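Residues 11 to 153, numbered by this note's numbering, are exactly what the sequence shown covers, in order.
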Amino acid sequence: MKISTRGRYSLRFMIDLAQHYTEGYIALKDIAARQNISKKYLEQIIPFLNRSGLLASNKGHMGGYMLAKHPSEITIKEILLSAEGSLTPVSCMDNVPNLCENCENCLTLPLYHGLYNVITEYLDGITLQSIINKNQDSCEYII
Numbered sequence: 011m012k013i014s015t016r017g018r019y020s021l022r023f024m025i026d027l028a029q030h031y032t033e034g035y036i037a038l039k040d041i042a043a044r045q046n047i048s049k050k051y052l053e054q055i056i057p058f059l060n061r062s063g064l065l066a067s068n069k070g071h072m073g074g075y076m077l078a079k080h081p082s083e084i085t086i087k088e089i090l091l092s093a094e095g096s097l098t099p100v101s102c103m104d105n106v107p108n109l110c111e112n113c114e115n116c117l118t119l120p121l122y123h124g125l126y127n128v129i130t131e132y133l134d135g136i137t138l139q140s141i142i143n144k145n146q147d148s149c150e151y152i153i
């Protein structure tokens, strides 16, 4: 599985909002500047996060974006699913039931199911809150 730029930037966007959760609505230009991501690119990411119910927005002078839920209630799995559409390691798993003509005889499909389970369980166990609580020097999120 490879996470796209949209997935990585969505995660950075949401982490920024989590870090500033108590400040209310945050202007997109401020997030773009802090994260060094173009405002235009963030504008393309927002609809995916909105559809998933992860963002709240407010228009006008004091407008901007904030998390729709507390950072402890938003998992990395939710964010990446929103941005990527799927976390399956192979495309044949995107359909339920599996439409692949080799599905019943595929010896590798159980391997991919196991990989998918490990990935989704891992990402479902990490919240935005747990990321912002981690030591800044640590890149380890083993659960």
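Every residue, glycine too, gets a C-beta built ideally from N, C-alpha and C.
Quick caveat, the model's predicted, so the values are computed rather than measured.
Quiz prompt | Continuous beta strand (DSSP E) stretch holding Asn68: start and end | solution = Leu65 to Asn68
Practice problem: Run through the segment 12–96 for me and flag every whole alpha helix (DSSP H) of 4 or more residues, listed as ranges in chain order. | Solution: 15–29, 38–45, 49–61 and 86–94
Quiz item: Is the distance from the Cβ of Asp26 to the Cβ of Gly74 below 9 Å?
Solution: no
Exercise. Would you mind sorting Ser20 into buried or exposed? The rule is 16 or more other CB atoms within 10 Å of its CB.
Key: buried
Self-check item: Local conformation of Thr98 per DSSP, three classes
Solution: coil
Practice problem: Closer than 6 Å by C-beta to Ile86: which residues in its own chain qualify, once you throw out the five before and the five after it? Chain order, please. | Solution: Leu133 and Ile136
Quiz item: What residue range is occupied by the uninterrupted alpha helix (DSSP H) comprising Pro107?
Solution: Here Pro107 belongs to no alpha helix (DSSP H), and DSSP marks it neither H nor E.
Quiz item: So what's Thr137 in DSSP terms, helix, strand or just coil?
Solution: strand
Quiz item: Considering only the beta carbon of each residue, do Asp104 and Ser96 sit closer than 9 Å?
Solution: yes
Quiz item: Do you know whose CA, among Gln45, Ile36, Gln54 and Ile47, lies nearest His71's CA?
Solution: Ile36
Quiz item: So, is Met24 buried or exposed, given that buried needs 16 or more other C-beta atoms within 10 angstroms?
Solution: buried
Quiz prompt | Rounded C-alpha distance that separates Tyr122 from Lys69 | solution = 43 Å
Quiz prompt | Whole-Å CB distance - Ala28 paired with Pro81, under 8 Å assumed | solution = 4 Å
Practice problem: Sort Arg61, Asn60 and Leu38 by Cα distance to Tyr51 and report the nearest one. | Solution: Leu38
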